[in-house]
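Below: one structure, written as structure tokens.
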Amino acid sequence: MDRTGYRERASSVPGAVVWTSASTGAPTGPVLPDGCMDLLWRSDTGRLLVAGPDTGPQPTDEPGGPAAGVRWTGLRFAPGHAPAVLGVPADVLRDRRVDLADLWDAARVRRLTALVAASPTPGTVLEAVAGDGPAREESLRHAVGALAAGLPVARVAVDLDVSERTLHRRSLAAFGYSPQTLARVLRFRRALAGLRAGTAPVQVAADLGFTDQAHLTREVRRFAGTTPGAVQPGSGANRSTDPPSGSSTVA
């Protein structure tokens, strides 16, 4: 899926993003973890899919190469919001791409599929579905912000007036990760942004509180499957943004 056709905009759903992408048949890199889940529409098959939270790089290309002309439309939820809308705990969907029909009543999915297929702007239909669902809990928004800021899990639990065990359980259901893993994913995304902007790995490591540059390298390998240098400007692997979360591989 070539990224030249990628577009995104802020959604009417708080914290969400609507994106579209058109494949030209050129190979692309993997989807990288971001703590989010997506509701997806694939034009050639007419399928509605759900992309769960990832713990590592997920391939986007199909066997035999990506199909040209395929258009994707997605609604990328803010971390912790999709499970409330979909009615499925995030950890059940971790590292998976599943048909929405596997999660919802078949008749409901058929009606939604028909609406999306008939709409000149499929993203607005996906937004309407999410807008009819429950809002993201304020406690989840606070947890994401606190973990992204580097606060210890114990402090986040105190702030939310829950035990660490309760925070762990709620985090798995909402984000698909433990609080510690979510914090690592969020820091990885900040590191990725810095590396892609051309900041030296040693400086990124220092700025974001990694133990040292080797620690940063281990985290980039864990979540991106490559090295910090490979995502910097001038490398063949560098991209300003990731492929959308709609992998062509459906579990």
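No gaps in the numbering here: position 79 of the sequence shown is 373 in our numbering, and each next residue is one more. From the three backbone atoms N, C-alpha and C, an ideal C-beta is built for every residue, glycine too.
Which residues share a DSSP beta bridge with residue i?
{"i": "D332", "result": "A345 and R370"}
{"i": "Q352", "result": "V325"}
{"i": "T314", "result": "R301 and T367"}
For the beta strand (DSSP E) that residue i lies in, which residues bound it at each end?
{"i": "E432", "result": "Element bounds for E432: not the beta strand (DSSP E) but the alpha helix (DSSP H), E432 to A442."}
{"i": "D393", "result": "R391 to D393"}
{"i": "R464", "result": "Looking at the DSSP string, R464 is not in any beta strand (DSSP E); the run it does join, the alpha helix (DSSP H), is E458 to F469."}
{"i": "A494", "result": "Per DSSP, A494 belongs to no beta strand (DSSP E) and is neither H nor E."}
Should residue i go down as buried or exposed, given a rule of 16 or more other Cβ atoms within 10 Å for buried?
{"i": "S306", "result": "exposed"}
{"i": "G323", "result": "buried"}
{"i": "T354", "result": "buried"}
{"i": "D348", "result": "buried"}
{"i": "T535", "result": "Because T535 carries a pLDDT of 44, less than 50, the predicted location of this residue cannot be relied on, and the following value inherits that uncertainty. Exposed."}
{"i": "P495", "result": "buried"}
{"i": "R481", "result": "buried"}
{"i": "G546", "result": "No answer is possible for residue 546: the residues shown for the chain start at 295 and end at 545."}
{"i": "P377", "result": "buried"}
{"i": "S317", "result": "buried"}
{"i": "R391", "result": "buried"}
{"i": "A499", "result": "buried"}
{"i": "D501", "result": "exposed"}
What's the C-alpha gap between residue i and residue j?
{"i": "Q497", "j": "P327", "result": "22 Å"}
{"i": "G299", "j": "E431", "result": "34 Å"}
{"i": "V403", "j": "R341", "result": "10 Å"}
{"i": "Q507", "j": "V325", "result": "24 Å"}
{"i": "G381", "j": "Q474", "result": "24 Å"}
{"i": "Q577", "j": "F517", "result": "Because the chain spans 295 through 545 in this model, residue 577 falls outside it and cannot be assessed."}
{"i": "S472", "j": "L486", "result": "21 Å"}
{"i": "S337", "j": "S413", "result": "12 Å"}
{"i": "G350", "j": "D389", "result": "8 Å"}
{"i": "G528", "j": "R449", "result": "40 Å"}
{"i": "A491", "j": "A400", "result": "45 Å"}
Which residues in the same chain have their Cβ closer than 7 Å to the Cβ of residue i, if we skip the five residues on either side of it in sequence?
{"i": "L476", "result": "G329, L441, S465 and F469"}
{"i": "L434", "result": "G374 and A468"}
{"i": "A411", "result": "G340"}
Using a Cβ-Cβ cut-off of 6 Å (strictly less than) and excluding sequence neighbours within five positions of residue i, which residues of its own chain qualify?
{"i": "V438", "result": "P373"}
{"i": "T367", "result": "T314, W335, P416 and G417"}
{"i": "G358", "result": "Its pLDDT being 49, under 50, G358 is placed unreliably in this model, and the coordinates cannot settle the point."}
{"i": "V479", "result": "P327 and G329"}
{"i": "H509", "result": "none"}
Where do the N-terminal and C-terminal ends of the alpha helix (DSSP H) with residue i fall, by residue?
{"i": "H546", "result": "Residue 546 cannot be examined here, being either before or after the span of the chain that is shown, 295 to 545."}
{"i": "G417", "result": "P416 to G425"}
{"i": "A411", "result": "A400 to A412"}
{"i": "L387", "result": "Looking at the DSSP string, L387 is not in any alpha helix (DSSP H), and its letter there is neither H nor E."}
{"i": "P377", "result": "A376 to L380"}
{"i": "D453", "result": "V447 to L454"}
Which same chain residues, not among the five before or five after residue i, have their C-beta less than 8 Å away from its C-beta?
{"i": "P428", "result": "A378 and V379"}
{"i": "V514", "result": "F482, A485, L486, L489, T520, T521, P522 and V525"}
{"i": "L454", "result": "S433, H436, A437 and L461"}
{"i": "T237", "result": "Because the chain here runs from 295 to 545, residue 237 falls outside it and cannot be looked at."}
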